[in-house]
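Peer 1: Every position in the sequence shown, counted from 1, becomes a number in my numbering once 89 is added.
Glycine included, C-beta positions come from ideal geometry on N, C-alpha and C.
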Amino acid sequence: MMSNGYKPAPLDLSHVKLTPAQNTLVDRLAENGHNVWARDRVQQGWTYSIVQDIKNKRNPRLVPYNLLDERTKKTNRDSLCEAVRTLIGYGYNIEPPDQETAQGVPRGRADKVRIFRAERSYAVRSGKWYFEFEVATRGEMRVGWARPHVRPDAELGADDLAYVFNGHRAQRWHVGSEPFGRTWQPGDVVGCMIDLGESHITFTLNGEMLISDAGSELAFKDFDVGEGFVPVCSLGLDQVGRLNLGQDVSSLRFFTICGLQEGFEPFAINMKRPITLWFSKSLPQFAPVPPDHPQLEVSWMGPWGAPQGRPGGVPPPRPPATSPVPRTRRTQPPRRARPGGG
Numbered sequence: 090m091m092s093n094g095y096k097p098a099p100l101d102l103s104h105v106k107l108t109p110a111q112n113t114l115v116d117r118l119a120e121n122g123h124n125v126w127a128r129d130r131v132q133q134g135w136t137y138s139i140v141q142d143i144k145n146k147r148n149p150r151l152v153p154y155n156l157l158d159e160r161t162k163k164t165n166r167d168s169l170c171e172a173v174r175t176l177i178g179y180g181y182n183i184e185p186p187d188q189e190t191a192q193g194v195p196r197g198r199a200d201k202v203r204i205f206r207a208e209r210s211y212a213v214r215s216g217k218w219y220f221e222f223e224v225a226t227r228g229e230m231r232v233g234w235a236r237p238h239v240r241p242d243a244e245l246g247a248d249d250l251a252y253v254f255n256g257h258r259a260q261r262w263h264v265g266s267e268p269f270g271r272t273w274q275p276g277d278v279v280g281c282m283i284d285l286g287e288s289h290i291t292f293t294l295n296g297e298m299l300i301s302d303a304g305s306e307l308a309f310k311d312f313d314v315g316e317g318f319v320p321v322c323s324l325g326l327d328q329v330g331r332l333n334l335g336q337d338v339s340s341l342r343f344f345t346i347c348g349l350q351e352g353f354e355p356f357a358i359n360m361k362r363p364i365t366l367w368f369s370k371s372l373p374q375f376a377p378v379p380p381d382h383p384q385l386e387v388s389w390m391g392p393w394g395a396p397q398g399r400p401g402g403v404p405p406p407r408p409p410a411t412s413p414v415p416r417t418r419r420t421q422p423p424r425r426a427r428p429g430g431g
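1) So what's Glu297 in DSSP terms, helix, strand or just coil?
2) Opposite Arg130 in the DSSP bridges: which residues?
3) Work out the CA separation of Arg203 and Lys370 for me, nearest whole Å.
4) Take Val314 as the anchor and find which of Gly296, Asn165, Pro237 and Leu176 has the nearest alpha-carbon.
5) Going by beta-carbon coordinates alone, are Leu245 and Arg231 separated by less than 9 Å?
6) Using 8 Å as the cut-off, can you tell me whether the region 352-371 makes contact with the region 330-338, which would need three or more C-beta pairs spanning the two stretches below that distance?
7) Suppose the cutoff is 7 Å on Cβ atoms and the five residues either side in sequence are ignored; what does the same chain contact list for Phe318 look like?
8) Tell me the residue span of the alpha helix (DSSP H) that contains Asn165.
9) Considering Cα atoms alone, identify which of Gly265, Phe220 and Leu169 is closest to Gly122.
10) What is the DSSP secondary structure of Ser288, reduced to helix, strand or coil?
11) Taking just the CA atoms, how far does Arg166 sit from Lys144?
12) Pull up the CB-CB distance for Tyr252 and Ile290, whole angstroms please, since I reckon it's below 8 Å.
13) Ser340 and Phe312 - do their beta-carbons sit closer together than 9 Å?
14) Work out the CA separation of Glu159 and Phe344 for me, nearest whole Å.
15) Is DSSP giving Glu267 helix, strand or coil here?
16) Under 9 Å between the Cβ atoms of Gly256 and Trp273?
17) Label His263 either buried or exposed according to how many other C-beta atoms from any shown protein chain fall within 10 Å of its C-beta, with 16 as the threshold for buried.
18) Would you say Ala247 and Gly265 are within 9 Å of each other, going by their C-beta atoms?
19) By Cβ distance, which residues of its chain are closer than 7 Å to Asp302, with the 5 residues on each side in sequence left out?
20) Assuming Cys281 and Phe220 form a contact by the criterion Cβ under 8 Å, report the distance between their Cβ atoms to the nearest whole angstrom.
21) Tell me the DSSP secondary structure of Glu189 in three-state form.
22) Leaving out the 5 sequence neighbours to the left and right, which residues in its chain are closer than 8 Å to Val115 when beta-carbon positions are compared?
23) Per DSSP, what are the beta-bridge partners of Gln260 in this structure?
24) How close, in whole Å, do the beta carbons of Ala225 and Pro320 come, if the pair is a contact with beta carbons under 8 Å?
25) Pro373 lies in the beta strand (DSSP E); which residues open and close that run?
26) Can you grab the Cα-Cα spacing for the pair Arg331 / Gly352, in whole Å?
27) With H, G and I counted as helix, E and B as strand and the rest as coil, what does DSSP make of Gly330?
28) Are Thr136 and Arg128 closer than 9 Å when you measure CB to CB?
29) Assign Pro109 to one of three DSSP states: helix, strand, or coil.
30) Expressed to the nearest angstrom, what Euclidean distance is found between the alpha-carbon atoms of Gly193 and Leu324?
31) Going along the chain, which residues of its own chain have a beta-carbon closer than 8 Å to the beta-carbon of Met216, five neighbours each way excluded?
32) Drop a sphere of 10 angstroms on the beta-carbon of Leu294, count the other beta-carbons inside from all chains shown, and report buried for 16 or more, exposed for fewer.
33) Given Phe254, which residues of its chain have a CB within under 8 Å of its CB, disregarding the five upstream and five downstream residues?
34) Which residues in the same chain have their Cβ closer than 8 Å to the Cβ of Asp277, if we skip the five residues on either side of it in sequence?
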C-alpha cells in the first residue's frame, strides 16, 4: 500500500487459460496490429531499411508479418494474449469466428468450393416444394434454396441470396451462420422444403425435422418471395453429394415420411427431362489497374529508362519517329563505245 492509501489490485488471471481457437484469435490480432502499425508508418513516409534510422524514417520492421523476427512476433502475441485473458477474466465470452467460414471464402479456398444451382427459368414463386440431398462424404457441404441470381464467386449463405444448411457443422447460413439442427454422416439424406405461401424453409435429416436451439422447426421465415427460389448446394474439395430433385418420385427416400403429408411436391415433378444445373468455375482474367488502386501504381518507363508516371495508367505519348537517313549510292558513268572495232 502506498502512503496515499492506494493499493494496486490487478485482476487475478492465473485461472484463465486460452483455448486453441482463442490462441488462433490472438495470432490474428497480432498480425492485424502489425499491419495497422505498418500502414500508419508508410503514410507518414517511413521506408524499410536493414537498420533503424529514426532521422531518415527507416525501420527494419516494415515487412509483412510472416517475415518479422520471432522475438517481435512473440512480443506482439504476449501483449494481446494478456488483453484477451483480461477480457475473459472480467466475464466476457470471446468466441472467435470459424476460420473456415468467416465472412466469405478466404483467399486460396474460393477455387476449392463449387456451387451448383438449378436453371433460373425453373425458379418457383408459389406453392410448397421439396427435394433431397444425399451426403456421400464427410466434409464441407451446404444445401438449400437460393435466389436465381445467386453469386458464383461468394460463399453460399454469406450474403442474402441463399438460405442453406451446413450439416458438417450443424449450422444454418443466411447473411452469416447460426447453430441449427445436428451434424450429418455419410449416407444421410437431407430433405429441403420451402413453403412460399407461408414464407418459411425447413430441413429434415433422414425424415426427422431439424430444429433450432430455441426449439423451432423453421430454419428461415418471413422472407420475400421476389423472383423466386431454386435448389442450390455447394461442395468442398473432394466432397460428394447427390442432388435428387424428384423427377422420379419413387426415388425420394423420405418424401412420404415428411413432406407428402404436409402438402409439398417434388421440385421436378411431371418434368419429362432432367433439370439443367449450372455450376461455378473460377477463370483468371486480366483487368485494368484503376488510378486510385490502394496497393498498385502504374509507372511507364521513358526512352532512357526514367520512370514517367501517368495518371490513370495512360502511357506517355511516343516521341515522333525520326526520318530515315537517305542512303547514297555511287553510280558508274555510262560506258562509251570504242572507235573502230573489229
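Peer 2: Based on what the coordinates show:
1) For the purposes of this step, residue 297 is taken as residue 208 along the sequence shown, with counting starting at 1. Three-state result, Glu297: strand.
2) Here residue 130 corresponds to residue number 41 of the sequence shown, with the count starting at 1. Under DSSP, Arg130 takes part in no beta bridge, so it has no partner.
3) Position 281 of the sequence shown, counted from the start, is the residue given in the question as residue 370. Position 114 of the sequence shown, counted from the start, is the residue given in the question as residue 203. Taken atom to atom, the span from the alpha-carbon of Lys370 to that of Arg203 is near 7 Å.
4) Reading the sequence shown from its first residue, position 225 is the one you call residue 314. The option with the nearest alpha carbon to Val314 is Pro237.
5) Position 156 of the sequence shown, counting from 1, holds the residue named residue 245. Position 142 of the sequence shown, counting from 1, holds the residue named residue 231. In contact: Leu245 and Arg231 (Cβ atoms closer than 9 Å).
6) Yes: the two stretches touch, three or more of their Cβ pairs being nearer than 8 Å.
7) For the purposes of this step, residue 318 is taken as the residue at position 229 of the sequence shown. Counting only Cβ-Cβ distances below 7 Å, and skipping sequence neighbours, we find Ala212, Val213, Trp234, Ala235, Arg236 and Ile283.
8) For the purposes of this step, residue 165 is taken as residue 76 along the sequence shown, with counting starting at 1. Glu159 to Gly178 is the extent of the alpha helix (DSSP H) around Asn165.
9) Taking the sequence shown and counting its residues from 1, the one referred to as residue 122 is at position 33. If we check each option's Cα against that of Gly122, Leu169 comes out closest.
10) Working through the sequence shown from its first residue, we reach residue 288 at position 199. Coil.
11) For the purposes of this step, residue 144 is identified with residue 55 of the sequence shown, where counting begins at 1. For the purposes of this step, residue 166 is identified with residue 77 of the sequence shown, where counting begins at 1. Approximately 29 Å, taken between the alpha carbons.
12) In the sequence shown, the residue the question calls residue 252 occupies position 163. In the sequence shown, the residue the question calls residue 290 occupies position 201. Ile290 and Tyr252 do touch by the CB rule: their CB atoms are close to 5 Å apart, below 8 Å.
13) Counted from its first residue, the sequence shown places residue 312 at position 223. Counted from its first residue, the sequence shown places residue 340 at position 251. No, these two residues do not count as a Cβ contact at 9 Å.
14) Locating residue 344 in the sequence shown gives position 255, where the first residue counts as 1. Locating residue 159 in the sequence shown gives position 70, where the first residue counts as 1. Here the alpha carbon of Phe344 sits roughly 58 Å from the alpha carbon of Glu159.
15) As a first step, residue 267 is located in the sequence shown; it is residue number 178 there, counting from the start. Looking at Glu267 - three-state DSSP - the assignment turns out to be strand.
16) Here the question's residue 256 lines up with position 167 in the sequence shown. Here the question's residue 273 lines up with position 184 in the sequence shown. Their beta carbons are under 9 Å apart, which means Gly256 touches Trp273 by this criterion.
17) If you number the sequence shown from 1, residue 263 lands on position 174. Around the beta carbon of His263, a 10 Å sphere encloses 16 or more other beta carbons of the protein chains shown; the residue is thus reported as buried.
18) Taking the first residue of the sequence shown as 1, we reach residue 247 at position 158. Taking the first residue of the sequence shown as 1, we reach residue 265 at position 176. The answer is yes: Cβ separation under 9 Å.
19) Taking the first residue of the sequence shown as 1, we reach residue 302 at position 213. The answer, listed in chain order, is Pro268.
20) Within the sequence shown, the letter at position 192 stands for residue 281. Within the sequence shown, the letter at position 131 stands for residue 220. A Cβ-Cβ separation of about 5 Å places Cys281 in contact with Phe220 under the 8 Å criterion.
21) The residue labelled residue 189 in the question sits at position 100 within the sequence shown. With a pLDDT of 45 at Glu189, under the threshold of 50, the modelled position of that residue is not reliable, and no figure is offered here.
22) Working through the sequence shown from its first residue, we reach residue 115 at position 26. A distance below 8 Å between beta-carbons, with the five flanking residues on each side excluded, links Val115 to the following residues of its chain, in chain order: Leu107, Arg166, Leu169, Cys170 and Val173.
23) Against the sequence shown, residue 260 aligns to sequence position 171. Asn255 and Pro268.
24) The residue labelled residue 225 in the question sits at position 136 within the sequence shown. The residue labelled residue 320 in the question sits at position 231 within the sequence shown. The beta-carbon separation of Ala225 and Pro320, rounded to 17 Å, does not stay under the 8 Å limit for a contact.
25) By 1-based counting over the sequence shown, the position of residue 373 is 284. DSSP places Pro373 in no beta strand (DSSP E); its state is neither H nor E.
26) Taking the sequence shown and counting its residues from 1, one reaches residue 331 at position 242. Taking the sequence shown and counting its residues from 1, one reaches residue 352 at position 263. Going by C-alpha positions, Arg331 is about 24 Å away from Gly352.
27) Reading the sequence shown from its first residue, position 241 is the one you call residue 330. In the structure shown, Gly330 falls within a strand segment according to DSSP collapsed to helix, strand and coil.
28) Within the sequence shown, the letter at position 47 stands for residue 136. Within the sequence shown, the letter at position 39 stands for residue 128. For Thr136 and Arg128, no; Cβs fall outside 9 Å.
29) Position 20 of the sequence shown, counted from the start, is the residue given in the question as residue 109. Judged by DSSP in its simplified three-state form, Pro109 adopts helix.
30) Here residue 193 is taken as the residue at index 104 of the sequence shown, counted from 1. Here residue 324 is taken as the residue at index 235 of the sequence shown, counted from 1. Residue placement at Gly193 cannot be trusted, given a pLDDT of 43 that sits under 50; what the coordinates show is reported in the next sentence. As the crow flies, the alpha-carbon of Gly193 is around 15 Å from that of Leu324.
31) Start at 1 with the first residue of the sequence shown, and residue 216 comes out as number 127. Note on identity: in this sequence residue 216 is Gly, with Met being the wrong assignment. If you ignore the 5 residues before and after Gly216, its C-beta comes within less than 8 Å of the C-beta of Leu285, Gly286 and Glu354, all in its own chain and listed in chain order.
32) Position 205 of the sequence shown, counted from the start, is the residue given in the question as residue 294. Of the residues assessed, Leu294 falls on the buried side of the cut-off, its CB having 16 or more other CB atoms within 10 angstroms.
33) Looking up residue 254 in the sequence shown gives position 165. Same-chain partners within the cutoff: Arg231, Val232, Gly233, Gln260, Arg261, Trp262, Phe269, Gly270, Val279, Cys281, Phe292, Leu299 and Ala308.
34) Walking along the sequence shown from the start, residue 277 turns up at place 188. The residues Glu223, Val224, Gly256, Leu294 and Asn295, in chain order, have a CB closer than 8 Å to that of Asp277 in the same chain once the five nearest residues on each side in sequence are set aside.
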